[in-house]
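Structure record follows, encoded as structure tokens.
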Amino acid sequence: MTSTSTEKPARAQPQARSSYPVFREISTRWSDNDVYGHVNNVIYYSWFDTAVNAYLIERGALDIHAGQTIGLVIETQCNYFASLAFPQTVEAGIRVAHMGSSSVRYEVGLFAQGQAQSAAAGHFIHVYVDRETRRPVPLPDALRTALASLKV
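Taking numbering that gives the first Met the number 0, I'd label the letters of the sequence shown as residues 0 to 151.
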């Protein structure tokens, strides 16, 4: 017998600034806006990538040009709560919700500069693989070290 539920899943809520240990500023660009006068949804995903990868590069945990280990996105999701638009500075909060043997779930909150609640919040999962074989590899020590301060 199949069970059915009439309960709706909990609606996503804006995240508090205090939920994220590290922030990165991102300037919006004129081309980020769509015809409706706000940043197009596709841009939010590029901000997720920008915030996390810049953090990892700055900490010496990711060499995008010559490193043997690279991260491939296998899942991503975003919820939108308030509009962002050009010209505006966005503050991307970063945290690590889960670190496995070869994967990491990054969560990112996008905030209008100085705001207490996120305008958008989402996640993506990187599986770290060998650059050549594209097979999963254990997270390198430098990556684990860099991620330690992001773990929640």
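Positions of the beta carbon are idealized from the N, C-alpha and C atoms, including for glycine.
In the structure shown, V41 adopts helical secondary structure according to DSSP, grouped into three states.
Between the alpha carbons of I42 and Q67 lies a gap of roughly 28 Å. A straight line joining the alpha-carbon of G108 with that of F85 spans about 18 Å. In the three-state reduction of the DSSP assignment, S30 falls in the helix class, which pools H, G and I. Looking at the DSSP output, T68 bridges to D129. Residue range T88 to M98 is occupied by the beta strand (DSSP E) that includes T88.
Three or more Cβ pairs closer than 8 Å define a contact, and the segment 14 to 22 meets that threshold against the segment 104 to 124. As computed with DSSP, F22 is found in a beta bridge with G92. Assignment of A119 by DSSP, reduced to helix, strand and coil, places it in the strand class.
Three or more Cβ pairs closer than 8 Å define a contact, and the segment 118 to 134 meets that threshold against the segment 42 to 61.
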